[in-house]
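Novice: Protein chains in written order, with my numbering: chain A, 14 to 178; chain B, 431 to 1070.
Pasting in a structure now, in structure tokens, and then I'll have a few things to ask.
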Ligand SMILES: Cc1cc2nc3c(=O)[nH]c(=O)nc-3n(C[C@H](O)[C@H](O)[C@H](O)COP(=O)(O)OP(=O)(O)OC[C@H]3O[C@@H](n4cnc5c(N)ncnc54)[C@H](O)[C@@H]3O)c2cc1C
Ligand code: SF4
């Protein structure tokens, strides 16, 4: 299942971005704009291993294909096949959190007990940019504290929080 | 901060130890910087000793702090600052629950309890103002006379009016943004025509949402009616200069020591990061004053130089030197011990480190009060979700609050308080917004679009009130030292014993009710929950509370009218050692409900005048009685 992906780095990145767009409800275009795509994929690979990442991306691929013929919605399939999977669920949630705040959160104990401890699996900020590029801030109509300053007096006006359908 | 090139290297330790300075200052925080700057202006030779390393003296160093902050997984208020075992400092995340009889010595502050405080201060060049929030209210006239008025605490040997001209000086140096009409309340007065250097900073949209529910509400306390309103706090951060300042001369924001905007401090841009570090230096920090002090070449600054002992001549009681430990590498205990000499000595190392140094030097003082009466505001946090999106996480950490209960006859029974409306949401209480994200993803199982919708719903409606409650002096709240607890250089660490006084707890209980009432007015859902396993959890009359440290350390070398009721006089001069000044929050007999730093800055301007006069007096006296003034030679005392 994993063969072709490992051979083709750009395809892996595309798939990772597609899944990330699902996880965050930001578009692939917006995700690319953070400049963090490769760093996050590398972080994920570096900690859980490419095989686990690939497995997640395969499941996502499969769900996307299946949804056409399925009575379930894509989110329902993702919940069934990824988010409730003991191995893939925590990784998927970590990818979502990483996009929002640039932090890799230490995987839960249950995960490392079941699937083995991983080197570097601690809570850390992926990079200086990953903090300032966190998508949480635009999601709440704010700036990352300490960066991308909105300007004097901006705080006096009502917030502009992007309406999300 | 930008210092004249190589200011910290203009002198070396050997040359300094062979110089007899007019004044030797320990500490480069706001207190030490003001004293050094004033004395330098008066033409005096000054040596400033700073325990911290000096990476931060250029813009590059400052940006290094910023990167360290960005990259820190735990963004607590010390996260930008490097660990330095030779000049260690407390960190709010250090605080642990203390069990009776078992002091917690796991972190720099040894906490003897029973209350475990998470208060902090910063040992870096420029001191704690590098990461302070920069709220700068004056004390209220009533705060100076609590003993006379209510039989509580200690009276100051000074009045509001005595201090008023020095407040003006401090407001100039710190560059305070505020409007007089909103600061003239509860007896606070200003000279006719006075305006602050800069206009008040605009209230946040969140403040305005709160104001809609609160303005015009009355509360009754001790038979007195108080009308509430949301008001802007005076703040030491750059806003719009007031053209009417200084009789129409206007005001140029402090910090203009370099032609490059970024390096000198821009107008506040709403980075919402004042604590722990303002990325553009819109916020005042002591580096700005220090830079001025270093400009004319009369002030020498030595970093990596930890004052370890105050040396006193037993015959005269005068201080004749400060022993220092000089290190190169913060990670290594290797150091050289030397003695620095001068005519007058000023300890400006803050309200914990000043008494720590005195006690470690065996100087507990004739009053026995050295290190006692430690005060620090008790903060009670209360948090809720507003019914509407108020756009939390924008603006400075705090722009407005409710200050109408800072004074009144109710203080006879219970502590007064001021209320901050936090623009940074529940961050202080719960770790928001990170904790919200983790909860929504890991516990609420939200993903994708649902998560996107939930984030602003949970975060942008947050309201956190921080109720800052008065604490009175109490001799058993104290700093001591114990040879069992030392740092890497062998200096004794501060040992803190602290209880939150009952008078404060009465204020806490009332403050909690007050917050509930505000939430009721706003239709906000109260989410406040105090964790009984928190080291700072206390119960009072059947209810539990968590009290956060205020970072407003004071009282430990209190000023007073004589050598029995105080450590220093109204000029912050030691009663026991006529050429020693202990300056900073430690001198304050009470703290009322004002963040302490503006007041300590005012006190330092006052002391600087006195020090200049004393130097003059001692010079004239020496000229009249010619005596051998040869400088004793020993410099390097020991090496290890
Ligand atoms: C998070 C936070 C927020 C705050 N917000 C506010 C606010 O909004 N308003 C307000 O009024 N106050 C605030 N404060 C408090 C304020 O920062 C302090 O009151 C003020 O900085 C104290 O100034 P200082 O010069 O007396 O001491 P410090 O700033 O602590 O400076 C002391 C200096 O002495 C040095 N030193 C210590 N020991 C030695 C030694 N043995 N030898 C040589 N040097 C030594 C230290 O390294 C340091 O540079 C806040 C504090 C914190 C922590
Ligand atoms: S809000 Fe931002 S720019 Fe303004 S003082 Fe605070 S950190 Fe600096």
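Backbone N, C-alpha and C define an ideal beta-carbon position, used for all residues, glycine too.
If you're wondering where the values come from, they're calculated on a predicted model, not measured in any experiment.
Just the C-alpha distance for residue 693(B) and residue 669(B), rounded to the nearest angstrom, thanks.
Specialist: Since pLDDT at residue 693(B) reaches only 42, below the 50 mark, its modelled position is unreliable, and the value read off the structure follows with that caveat. Going from the Cα of residue 693(B) to the Cα of residue 669(B) covers about 17 Å.
Novice: Does the beta carbon of residue 523(B) come closer than 8 Å to any beta carbon on chain A?
Specialist: No, its Cβ sits nowhere closer than 8 Å to a Cβ of chain A.
Novice: For residue 156(A), report the span of its beta strand (DSSP E) as first-last.
Specialist: Unbroken run through residue 156(A): none, as it is neither H nor E.
Novice: Is there a C-beta anywhere in chain B that falls below 8 Å from the one on residue 16(A)?
Specialist: With a pLDDT of 49 at residue 16(A), under the threshold of 50, the modelled position of this residue cannot be trusted, and the question is left open.
Novice: I want to verify the contact list: residues of chain A whose CB lies under 8 Å from the CB of residue 990(B), in sequence order.
Specialist: Ordered by position in chain A, no residue passes the 8 Å Cβ test against residue 990(B), which lies about 42 Å from the chain.
Novice: Which of the residues in the segment 886-903 of chain B, read from start to end, lie with their CB under 8 Å from any CB of chain A?
Specialist: Within the segment 886-903 of chain B, the qualifying residues are 886, 889, 890.
Novice: Counting only Cβ-Cβ distances shorter than 9 Å, please list the residues of the segment 39-65 of chain A near chain B, keeping chain order.
Specialist: Those residues of the segment 39-65 of chain A that come within reach of chain B (Cβ to Cβ, closer than 9 Å) are 39.
Novice: Can you give the beta carbon distance from residue 820(B) to residue 906(B), rounded, assuming they're within the 8 Å contact cut?
Specialist: Residue 820(B) to residue 906(B), Cβ: 43 Å. No contact.
Novice: What is the DSSP secondary structure of residue 592(B), reduced to helix, strand or coil?
Specialist: Helix, per DSSP.
Novice: Mind pulling the beta strand (DSSP E) runs of 3 or more residues that sit fully within the segment 788-820 of chain B?
Specialist: Segments of the beta strand (DSSP E) lying fully in the segment 788-820 of chain B: 808-815.
Novice: Output the distance between the C-alpha atoms of residue 849(B) and residue 661(B), rounded to the nearest integer angstrom.
Specialist: Distance between the alpha carbons of residue 849(B) and residue 661(B) is about 10 Å.
Novice: Does the contact criterion of 3 or more C-beta pairs under 8 Å hold for the segment 629-647 of chain B versus the segment 836-855 of chain B?
Specialist: Yes, the segment 629-647 of chain B touches the segment 836-855 of chain B.
Novice: Determine whether the beta carbon atoms of residue 386(B) and residue 38(A) lie at a separation below 8 Å.
Specialist: Summary: the structure shown does not reach residue 386(B), with chain B confined to residues 431 through 1070, and so no result is reported for it.
Novice: Who does residue 565(B) pair with in a DSSP beta bridge?
Specialist: In DSSP, residue 565(B) forms a bridge with 665(B).
Novice: Counting beta carbon pairs with one atom in the segment 535-548 of chain B and one in the segment 573-588 of chain B, are three or more of them shorter than 8 Å?
Specialist: Not touching, per the Cβ criterion.
Novice: Measure from the C-beta of residue 879(B) to each C-beta in chain A and report whether the shortest distance is under 8 Å.
Specialist: Judged by the 8 Å Cβ criterion, residue 879(B) is in contact with chain A.
Novice: Say whether the segment 123-139 of chain A touches the segment 155-163 of chain A, bearing in mind that this needs 3 or more beta-carbon pairs closer than 8 Å, one atom from each stretch.
Specialist: These segments do not touch.
Novice: Relative to the alpha-carbon of residue 480(B), which residue among 876(B), 808(B), 971(B), 720(B) has its alpha-carbon at the smallest distance?
Specialist: When only C-alpha atoms are compared, the closest one is 720(B).
Novice: Extract the residue ranges of the alpha helix (DSSP H) inside the segment 845-927 of chain B, only unbroken runs of 4 or more that lie entirely within it.
Specialist: Listed in chain order, they are 857-860, 864-868, 878-889.
Novice: So residue 481(B) contacts chain A; which residues on that side make the cut at Cβ distance below 8 Å?
Specialist: Result: empty, since nearest Cβ-Cβ is about 26 Å, beyond 8 Å.
Novice: Determine the DSSP secondary structure at residue 683(B), reduced to helix, strand or coil.
Specialist: Three-state DSSP puts residue 683(B) in coil, outside helix and strand.
Novice: Check whether the Cβ atoms of residue 893(B) and residue 835(B) lie closer than 8 Å to each other.
Specialist: Result no, Cβ atoms of residue 893(B) and residue 835(B) do not sit closer than 8 Å.
Novice: Taking beta-carbon pairs under 7 Å, can you tell me which members of the segment 159-171 of chain A lie near chain B?
Specialist: Within the segment 159-171 of chain A, the qualifying residues are 159, 160, 162, 163, 164, 165, 166, 167, 168, 169, 170, 171.
Novice: Would you mind giving the Cβ-Cβ distance between residue 1006(B) and residue 795(B), rounded to the nearest angstrom? I have them listed as a contact below 8 Å.
Specialist: Indeed, because the Cβ distance is near 5 Å, the residues count as touching under 8 Å.
Novice: If you count every other CB in all the chains shown that lies within 10 Å of the CB of residue 691(B), and 16 or more means buried, which is it?
Specialist: Low confidence applies to residue 691(B): its pLDDT is 45, below 50, so where it sits in the model is not reliable enough to give any reading.
Novice: Ignoring anything shorter than 3 residues, give me the beta strand (DSSP E) runs that lie fully in the segment 595-657 of chain B, in order along the chain.
Specialist: Taking only runs of at least 3 residues, the beta strand (DSSP E) segments lying wholly in the segment 595-657 of chain B are 648-651, 654-657.
Novice: Return yes when at least one heavy atom of ligand 1 lies under 7 Å from the C-beta of residue 453(B), else no.
Specialist: Because no heavy atom of ligand 1 lies under 7 Å away, the Cβ of residue 453(B) does not count as near it: no.
Novice: Where does the unbroken alpha helix (DSSP H) through residue 730(B) begin, and where does it stop?
Specialist: From DSSP, residue 730(B) is part of no alpha helix (DSSP H) but of the beta strand (DSSP E) over 729-732.
Novice: So which residues on chain A does residue 865(B) lean against when the C-beta distance must stay under 9 Å?
Specialist: Those do not exist, as residue 865(B) stays about 11 Å from chain A at its closest Cβ, beyond 9 Å.
Novice: Do we get a CB-CB distance below 8 Å when we pair residue 693(B) with the residues of chain A?
Specialist: With a pLDDT of 42 at residue 693(B), under the threshold of 50, the modelled position of this residue cannot be trusted, and the question is left open.
Novice: If you drop the 5 nearest sequence neighbours on each side, which residues of the same chain put their C-beta closer than 7 Å to that of residue 859(B)?
Specialist: These residues qualify, in order along the chain: 811, 813, 894.
Novice: Is residue 23(A) helix, strand or coil by DSSP?
Specialist: Helix at residue 23(A).
Novice: As a quick exercise: from 462(B), 1028(B), 551(B), pick the residue whose alpha carbon is nearest that of residue 717(B).
Specialist: Considering only alpha carbons, the answer is 462(B).
Novice: Give me the DSSP bridge partner(s) of residue 84(A).
Specialist: For residue 84(A), which the question treats as bridged, DSSP gives no partner whatsoever.
Novice: Less than 7 Å between C-beta atoms, sequence neighbours within five positions excluded: which residues of the same chain meet that for residue 649(B)?
Specialist: Contacts found: 656, 658.
Novice: May I ask you to list the residues that DSSP assigns as paired with residue 529(B)?
Specialist: DSSP lists 532(B) as partners of residue 529(B).
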